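S.K.: For the sequence shown, counting from 1, position 69 maps to 68 in numbering that gives the first Met the number 0; every step adds exactly one.
Note that the Cβ used here is the ideal one computed from N, Cα and C, for glycine as well.
Predicted, not measured: the structure shown is a model, and the values here were computed from it.
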Amino acid sequence: MEITRHIFRNFPEWLQIAFYVVGFATIFYFLFSSYKIVQKYRKGRPAGRWNNFGARFMKALGTMAKHSTISKRNKYVGYAHWMIFWGFVVLFIGTVIVALDHDFLRFLGFHLLKGNFYVVFSIFMDVFGVAFLVGLLMMAFRRAKKPPELDYTRPDMPKDKYDRKPYVTDDKIFLWLLFLIGLTGFFIEALRIVGDNFPPFESYSSPVGWSLAHVLAILGLSAKADSIFLYTWWFHAVMVLGFIAYLPHSKAMHIILDFVNLMFKDEMAAKRLPKVTEEKMKEGMGYLKLEDFTWKELMDFDACTKCGRCHVACPARASGAPLSPRDLILEMRTYAETTAGTKEWFMQQESNGWTGKKNPAIAGDVIKADTLWSCTTCMACVEACPVGIEHLTTIVNLRRTLVDEGTMEDSLQDVLMNIGDYGNSFGQSDRMRAKWTKELDFKIKDARKEEVDYLWFVGDFASYDQRIQGISRKVAKILNDAGVNFGIMYEAEKNSGNDVRRIGEEGLYEMLVEDNMAALEEASFKEIFTTDPHTLNTLKNEYPDFGGNYTVKHYTQLLIELIKSGKIQIKNKLNYTVTYHDPCYLGRYNGITEEPRELLKLLGVTVKEMPRNRSNSFCCGAGGGRIWMDDSKLEKRPSEMRIEEALALGQIDCFIVSCPKDYAMYSDAVKTSGNEGKLVVKDVVELLEEAIL
Ligand code: SF4
Ligand code: SF4
């Protein structure tokens with residue numbers, strides 16, 4: 000007996016022809032739907048993502064193969080998705096081989112699927128078919144447990160004002176359709192084995208089908224196997240073709256789109272916001288119409304799988320603000336589909352009322368101003384998203400529209416005016432910027448007049464906020480005692496603009512960059528260091544776009560170098576147990592997570608980690624201008640939640656920070672959360688001072 004399988008087993012010719020007719024019609028429909036989607040992306044502006052094509056392709060391939068972005072922080076989902084993914088890939092390749100063999104090669108006199116090749120092929124299909132089904136069942140089991148990621152409740156609307164049933168239905172169709180396709184595939188195999196009277200080679204080449212065939216035989220179905228085979232085959236074929244037709248209109252689209260989205264992802268997304276082109280500038284900084292988005296941003300809206308990772312990571316949502324990054328992306332998807340005329344029936348949702356309007360404002364109607372202003376720009380959404388969606392770029396681009404219109408809180412307006420008039424958010428004279436240095440018993444060099452090794456870009460909070468000036472003096476004293484040749488720019492330093500840019504005030508940001516770069520040009524230094532992670536981010540990642548290329552360090556990095564080189568001597572090991580909070584702009588944005596911990600370790604301190612640490616740190620709520628906005632309407636401030644997370648660790652001596660804004664936010668939060676006396680907030684440099692005294 001020949002070791003092979005027959006594809007159209009006992010099918011009359013007209014049925015075979017019918018299959019090809021329906022198959023080709025389905026593929027045509029799939030291609031036409033995909034073409035319409037691509038046309039939608041073509042409405043977008045260039046995104047500048049075609050560079051390093053090969054490297055991008057290989058990186059996305061590696062990410063998909065390892066499932067690194069999916070496994071991150073949820074191994075269960077990682078394993079389940081890995082099995083579905085690889086099961087799908089192998090079954091798809093197997094189907095293509097069958098089609099090639101049956102529809103092309105045999106006409107050339109070749110027959111691939113026979114002998115040893117068939118045996119290996121069939122074993123692969125069985126093993127990965129089982130993995131596919133197990134992965135799907137694991138996902139179904141997880142869904143039944145209703146994890147918070149899959150809670151579709153919108154924080155920006157009352158429950159009776161929207162309907163998420165289409166999304167839930169789409170999720171279910173996707174999952175169970177795949178499961179049925181996989182399951183019927185095994186039944187076809189088993190019925191074929193029964194109908195062919197159990198060919199012996201199938202016992203090892205198709206072990207799953209072979210076992211199932213025995214069950215069918217025990218159930219007395221042997222006599223009817225051939226006719227049941229025909230119906231099951233067609234049922235399977237109709238589901239497969241239905242899936243192909245449904246793919247471009249549903250969650251299933253992520254099978255294709257997410258690889259492409261990952262491939263064209265900007266590794267610097269959020270860390271380096273896009274400059275406004277001169278052409279765009281003529282009609283305003285913000286986004287007003289579909290064509291203002293880049294094609295990558297339009298693709299982002301479709302790439303969302305509704306996995307909810309950004310939804311649960313978002314501090315704004317957690318604090319009761321009307322923002323969920325997932326819902327923002329989904330709402331933008333509805334807008335893009337409605338505007339481009341490709342609204343998909345599977346994903347239709349009741350929006351928050353804007354669809355009735357003739358020309359809805361994207362920032363204001365489609366995405367409410369309150370939603371956009373709720374963002375702390377913590378980047379947790381971008382970091383958590385397994386498919387490379389860049390939420391924050393869209394948020395800031397829409398904020399730019401609000402800024403153009405002047406739609407913002409008065410307090411924020413005042414701060415922006417202060418920064419514009421005085422160069423600092425405190426609205427104080429620039430001559431007061433270095434007033435904090437007056438209490439030192441030495442003079443810090445003026446880097447514009449004397450050559451220094453390190454230029455300290457101090458930042459507004461560390462310069463003007465009285466709660467933090469003492470910490471700035473401690474840093475200065477430690478460096479001075481260590482003999483470090485450092486200086487500052489005195490009144491020539493201006494707000495670095497990191498938060499101004501994230502508020503959406505691009506014009507003011509560019510002015511600040513220009514002023515600061517002019518001052519830096521005058522100064523003579525080798526490297527910059529700063530105590531402010533926000534400043535570090537923009538100097539390091541964004542100033543280069545304007546021609547400012549500097550080596551920028553965080554003070555914890557510099558202090559470690561000084562300790563290791565012996566310039567700073569640790570005299571007393573501190574026997575404390577502390578917890579350390581990673582500032583968003585230091586850890587998540589710039590990957591500086593180990594240096595502060597290493598520094599604490601060098602001081603003899605034990606660090607007890609909060610559950611959310613390093614790149615998964617929880618935001619204090621100050622970023623993106625939120626520190627200047629009213630937070631009284633929040634159910635609970637993010638900083639208060641963080642303090643409670645720290646207290647839940649049990650006995651810890653201090654809550655350590657390495658960012659001036661964190662110091663201010665958490666010192667307040669300890670009081671407002673009623674935990675005064677239970678936890679002390681300290682800057683890392685305060686412990687260092689204690690250790691070297
Ligand atoms: S950046 Fe942070 S606050 Fe803003 S949407 Fe993303 S997770 Fe939420
Ligand atoms: S935006 Fe990304 S993280 Fe958020 S739900 Fe969609 S796929 Fe998941």
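I want to check one thing, is the minimum distance from the CB of residue 312 to the heavy atoms of ligand 1 below 8 Å?
M.R.: The residue given as residue 312 occupies position 313 in the sequence shown. It does: the Cβ of residue 312 is within 8 Å (strictly closer) of some heavy atom of ligand 1.
S.K.: For the alpha helix (DSSP H) that contains residue 334, what are its first and last residues?
M.R.: To locate residue 334, count along the sequence shown from 1; it is residue 335. That run of the alpha helix (DSSP H) goes 324-339.
S.K.: Are the CB atoms of residue 8 and residue 194 within a distance shorter than 9 Å?
M.R.: Within the sequence shown, the letter at position 195 stands for residue 194. Within the sequence shown, the letter at position 9 stands for residue 8. Yes, they are a contact pair.
S.K.: Straight-line CA distance for residue 289 to residue 328?
M.R.: Walking along the sequence shown from the start, residue 289 turns up at place 290. Walking along the sequence shown from the start, residue 328 turns up at place 329. The alpha-carbon atoms of residue 289 and residue 328 are separated by roughly 14 Å.
S.K.: Counting along the chain, where does the beta strand (DSSP E) carrying residue 697 start and finish?
M.R.: Residue 697 cannot be examined here, being either before or after the span of the chain that is shown, 0 to 692.
S.K.: Counting only runs of 3+ residues fully inside the region 578-649, write out the beta strand (DSSP E) ranges in chain order.
M.R.: none
S.K.: Rounded to whole angstroms, how far is the Cβ of residue 572 from the Cβ of residue 603, which I believe are closer than 8 Å?
M.R.: Taking the sequence shown and counting its residues from 1, one reaches residue 572 at position 573. Taking the sequence shown and counting its residues from 1, one reaches residue 603 at position 604. Confirmed, about 3 Å.
S.K.: Quick check: the Cα distance between residue 324 and residue 601, rounded to an integer number of angstroms?
M.R.: Counting from one through the sequence shown, the residue named residue 324 turns up at place 325. Counting from one through the sequence shown, the residue named residue 601 turns up at place 602. Roughly 39 Å separates the two Cα atoms.
S.K.: Suppose contacts are defined by Cβ-Cβ distances below 9 Å. Is residue 498 in contact with residue 580 by that definition?
M.R.: Walking along the sequence shown from the start, residue 498 turns up at place 499. Walking along the sequence shown from the start, residue 580 turns up at place 581. No, the Cβ-Cβ distance between residue 498 and residue 580 is not below 9 Å.
S.K.: Let me check understanding here. Comparing Cα to Cα, which of 204, 311, 595, 390 lies closest to residue 112?
M.R.: Mapped onto the sequence shown, residue 112 falls at position 113. Considering only alpha carbons, the answer is 204.
S.K.: Buried or exposed: which applies to residue 34, given that a residue is buried once 16 or more other Cβ atoms fall within 10 Å of its Cβ?
M.R.: Position 35 of the sequence shown, counting from 1, holds the residue named residue 34. By the neighbour-count rule (16 or more Cβ atoms within 10 Å), residue 34 is not buried but exposed.
S.K.: In terms of alpha-carbon separation, which member of 72, 120, 207 lies closest to residue 132?
M.R.: Looking up residue 132 in the sequence shown gives position 133. Here the closest residue by C-alpha is 207.
S.K.: For residue 433, which residues of its own chain have a beta-carbon under 6 Å away from its beta-carbon, when the five flanking residues on both sides are left out?
M.R.: In the sequence shown, the residue the question calls residue 433 occupies position 434. Excluding residues within five positions, the ones whose Cβ falls inside 6 Å are 489.
S.K.: Whose C-beta lies closer than 7 Å to the C-beta of residue 122 among residues of the same chain, with five residues either side of it excluded?
M.R.: On the sequence shown, residue 122 is found 123 positions in, with the first residue counted as 1. Cβ within range, chain order: 204.
S.K.: Which word fits residue 640, buried or exposed, when buried means at least 16 other C-beta atoms lie within 10 angstroms of its C-beta?
M.R.: As a working mapping, residue 640 is identified with position 641 in the sequence shown. Buried, since its Cβ has 16 or more Cβ neighbours within 10 Å.
S.K.: Grab the span of the alpha helix (DSSP H) containing residue 279 for me, first residue to last.
M.R.: Reading the sequence shown from its first residue, position 280 is the one you call residue 279. Residue 279 -> alpha helix (DSSP H) spans 277-281.
S.K.: By the three-class DSSP mapping on this structure, what secondary structure does residue 39 have?
M.R.: In the sequence shown, residue 39 corresponds to position 40, counting from 1. In the structure shown, residue 39 sits in a helix (DSSP, three-state: H, G or I).
S.K.: Would a C-beta distance cut-off of 9 Å place residue 502 and residue 402 closer than the cut-off?
M.R.: By 1-based counting over the sequence shown, the position of residue 502 is 503. By 1-based counting over the sequence shown, the position of residue 402 is 403. Yes.
S.K.: Looking at residue 316 and ligand 1, is the gap between the Cβ and the nearest heavy atom below 8 Å?
M.R.: Within the sequence shown, numbered from 1, the residue matching residue 316 stands at position 317. Within the cutoff, so yes.
S.K.: So is residue 18 in contact with chain D if we call contact Cβ pairs under 9 Å?
M.R.: Included in the structure is just one protein chain, with no chain D present.
S.K.: I'd like to check one pair, residue 534 with residue 458: are the Cβ atoms closer than 9 Å?
M.R.: The residue labelled residue 458 in the question sits at position 459 within the sequence shown. The residue labelled residue 534 in the question sits at position 535 within the sequence shown. In this structure, residue 458 sits near residue 534, with a CB-CB distance shorter than 9 Å.
S.K.: How many angstroms separate the CA atom of residue 443 from the CA atom of residue 475?
M.R.: Residue 443 sits at position 444 when you count from the first residue of the sequence shown. Residue 475 sits at position 476 when you count from the first residue of the sequence shown. A direct Cα-to-Cα measurement between residue 443 and residue 475 gives close to 8 Å.
S.K.: Is the beta carbon of residue 254 within less than 8 Å of some heavy atom of ligand 2?
M.R.: The residue given as residue 254 occupies position 255 in the sequence shown. Checking the Cβ of residue 254 against ligand 2 gives no.
S.K.: Along the chain, which unbroken stretches of the beta strand (DSSP E) at least 3 residues long are found entirely within the region 494-538?
M.R.: 526-529
S.K.: Leaving out five residues before and five after residue 68 in sequence, what residues of the same chain have Cβ atoms less than 7 Å from its Cβ?
M.R.: Start at 1 with the first residue of the sequence shown, and residue 68 comes out as number 69. Only 62, 385 meet the Cβ criterion.
S.K.: Measure the C-alpha to C-alpha separation of residue 424 and residue 627 and round it to an integer number of angstroms.
M.R.: Position 425 of the sequence shown, counting from 1, holds the residue named residue 424. Position 628 of the sequence shown, counting from 1, holds the residue named residue 627. Roughly 9 Å between the two C-alpha positions.
S.K.: Just to confirm, does residue 694 get its C-beta within under 8 Å of one of the non-hydrogen atoms of ligand 1?
M.R.: The structure shown does not extend to residue 694, since the chain spans only 0 to 692, so no value can be given for it.
S.K.: Is there contact between the region 476-485 and the region 381-395, where contact requires at least three CB pairs shorter than 8 Å?
M.R.: Short answer: they don't touch.
S.K.: Using only the heavy atoms of ligand 2, determine whether one of them is closer than 8 Å to the beta carbon of residue 393.
M.R.: One-based indexing of the sequence shown puts residue 393 at position 394. Outside the cutoff, so no.
S.K.: Whose CA, out of 446, 593, 636, 54, lies closest to the CA of residue 710?
M.R.: One cannot answer for residue 710 here, as it falls past the ends of the chain, which runs 0 to 692.
S.K.: Between which residues of its own chain and residue 221 is the CB-CB distance below 7 Å, once the five residues before and five after are set aside?
M.R.: Against the sequence shown, residue 221 aligns to sequence position 222. The answer, listed in chain order, is 193.
S.K.: Rounding to the nearest angstrom, what Cα-Cα distance links residue 105 and residue 586 in this structure?
M.R.: If you number the sequence shown from 1, residue 105 lands on position 106. If you number the sequence shown from 1, residue 586 lands on position 587. Their Cα atoms are separated by approximately 59 Å.
S.K.: Less than 8 Å between the CB atoms is what I'm expecting for residue 446 and residue 454, so what's the real figure, rounded?
M.R.: Taking the first residue of the sequence shown as 1, we reach residue 446 at position 447. Taking the first residue of the sequence shown as 1, we reach residue 454 at position 455. So it is a contact: roughly 5 Å between Cβ atoms.
S.K.: Which value, in whole angstroms, describes the spacing of the CA atoms of residue 691 and residue 672?
M.R.: Start at 1 with the first residue of the sequence shown, and residue 691 comes out as number 692. Start at 1 with the first residue of the sequence shown, and residue 672 comes out as number 673. Looking at the two C-alpha atoms, the distance is approximately 33 Å.
S.K.: Taking only the alpha-carbon atoms, compute the straight-line gap between residue 303 and residue 521 and give it to the nearest angstrom.
M.R.: As a first step, residue 303 must be located in the sequence shown, where it is residue number 304. As a first step, residue 521 must be located in the sequence shown, where it is residue number 522. Taking the straight line from one Cα to the other gives about 47 Å.
S.K.: When you compare the region 309-319 with the region 329-344, are there three or more beta-carbon pairs, one atom per stretch, that lie closer than 8 Å?
M.R.: no
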